[in-house]
Amino acid sequence: MIFFLILSALLPQQVLIATSRGQVHVPVSVERGAAAVAAPLLAGPLGLSTTLEGVSVRVSLAGRDFEFDLGVPYVRSHGIVYPLVGAPYVARDTLFLPLQWLSGHVPRLLATRYRWDAAGARLEEVGPHPLTGLMQAHTVVVDPGHGGVDPGNPGLHIPGGLTEKDITLSIGRLLSAELTRRGLTVVLTRSSDTLIAIEDRPLFCRSDCDLFVSIHINSMPRGRRQTTVNGVETYFLSDAKTEDQKRVAQMENDALRFETAATTEGPLAFILRDLQLNEYLRESARLAELVQGRVSGVHPGENRGVQQGPFLVLAAARRPAILVEAGFATHRGDGAFLSSSRGQRQIAAAIADGVVSYLLEFERKLAIGGPAR
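Each residue of the sequence shown is one higher than the one before, starting from -15 at the first, in our numbering.
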């Protein structure tokens, strides 16, 4: 008796089903020791259909079939068996389905259609965002490069005494605002002139993150090409293939010298070890391709394409991760563009376009049963 009183106190008394068909409050029953809901009450708002043959139950929802057996705490879908806390049952000629199936398996397996709000005990239909068409919630980590005692490169042609850290922070803030306007959740690794350890930055992008975007400004060393090379390039984590890729990776990894608690092993060894664990290289390359295409479309400089390199700032991010070199501070035209309000807004909007394009592709893959993240 005490168990049932505690169980009743912890569970919601009802759940709200909110879809384009309407809103319905469905009572939660615990008469068989586990929370359950009456299937007929779900038919209207969800368009759910059920077939009961002997002890076998088939539930069809949003084009997906779920197979239950009465009294058995499992559900099968697309050949995979998922455990349940409670089992389906029939009482008073009514089929009851486990609440865990409705609140857990439905929003996970039909993520492009439904979302569960645990705080409000609410299952709601997910509609496309009016600006992007995205169906799901997404979180993007935006990483403005350098900061604090690490100025990045000052360049030759960034006016007003600005350095790389100032430009990246400005673009990062604008990108955050642009992605937020499009319905995405954004986490900034830094929102002020502070130094974040280079190894800590990718750790912002773990379980509650979809993408990691690091923003930097390029430069050329002294020599005949110093003031002539211009344009934008986007990197993903891999081993460098060209001298230019090695140069850029070394330049960005050199920020490690500003940190008081740098890794005891060499950065290259750390990155190469992490490459073996990183399962998102292909997705990172695709994200880089989409972002590069958008940014090069608004940039006055050369389209330098998608590149790859062993960047410490991209290592350990357990999601697709890219680094955008938004232009050359050593080039007069790039420097003027990067330091202008118009240029920074165009770069931020273009990166946002590329991010949204990638996420739309990702959702389409999920919808047709592609690999989950």
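All C-beta atoms in this analysis are idealised placements derived from N, C-alpha and C, irrespective of residue type, glycine included.
The model shown is predicted, which means the values in this text are computed figures rather than measured ones.
Start-to-end residues for the alpha helix (DSSP H) that takes in residue i
i: E109; result: Taken as a continuous stretch (DSSP letters only), E109 belongs to no alpha helix (DSSP H), being part of the beta strand (DSSP E) at 106 to 109.
i: D150; result: 148 to 165
i: G70; result: Unbroken run through G70: none, as it is neither H nor E.
i: A27; result: 24 to 30
i: P82; result: Not the alpha helix (DSSP H): P82 falls in the beta strand (DSSP E), residues 78 to 82.
i: L93; result: 90 to 93
Integer Cβ distance of residue i from residue j, believed to fall under 8 Å
i: P186; j: V297; result: 6 Å
i: L343; j: L159; result: Incorrect: roughly 14 Å between the Cβ atoms, too far for contact.
i: R97; j: E108; result: With 8 Å as the limit, R97 and E108 do not qualify as a contact, their Cβ atoms being about 10 Å apart.
i: R5; j: G38; result: With 8 Å as the limit, R5 and G38 do not qualify as a contact, their Cβ atoms being about 30 Å apart.
i: H200; j: E148; result: 7 Å
i: F295; j: N237; result: 7 Å
Classification of residue i by the beta-carbon crowding that lies within 10 angstroms, buried from 16 upward
i: I335; result: buried
i: S268; result: buried
i: I64; result: exposed
i: K225; result: exposed
i: G215; result: buried
i: T173; result: buried
i: P11; result: exposed
i: E217; result: buried
i: Y58; result: exposed
i: E263; result: exposed
i: A102; result: exposed
i: L115; result: exposed
i: T314; result: buried
i: R278; result: buried
Limits of the beta strand (DSSP E) - the one that residue i falls within
i: G6; result: 6 to 11
i: V124; result: 123 to 128
i: Q234; result: No beta strand (DSSP E) contains Q234, which is instead part of the alpha helix (DSSP H) from 227 to 237.
i: W100; result: 98 to 101
i: F50; result: 48 to 53
i: S33; result: 33 to 37
i: R42; result: 40 to 45
i: I182; result: That residue, I182, is in no beta strand (DSSP E); it is neither H nor E in DSSP.
i: F220; result: 216 to 221
i: S176; result: Run containing S176: none; DSSP gives neither H nor E here.
i: Y264; result: Unbroken run through Y264: none, as it is neither H nor E.
i: T3; result: -2 to 3
i: F242; result: F242 -> no beta strand (DSSP E), and no H or E assigned at all.
i: H200; result: 195 to 202
i: R206; result: First-last for R206: undefined, no H or E at that position.
i: A191; result: The amino acid occupying residue 191 in the given sequence is Ser; Ala does not appear at that position. S191 -> no beta strand (DSSP E), and no H or E assigned at all.
My parser needs the alpha helix (DSSP H) runs of 4 or more residues fully inside the segment 271 to 328; what are they? 316 to 323
Between the segment 139 to 158 and the segment 322 to 341, are three or more C-beta pairs nearer than 8 Å?
Output reads yes: the segment 322 to 341 touches the segment 139 to 158.
Check: Would you call the segment 131 to 148 and the segment 315 to 322 touching, i.e. three or more CB-CB distances under 8 Å?
Finding: Short answer: they touch.
Check your understanding: Does the segment 80 to 98 touch the segment 49 to 68, meaning 3 or more C-beta pairs lie closer than 8 Å?
Key -> In short, these stretches touch, since the Cβ pair count reaches three.
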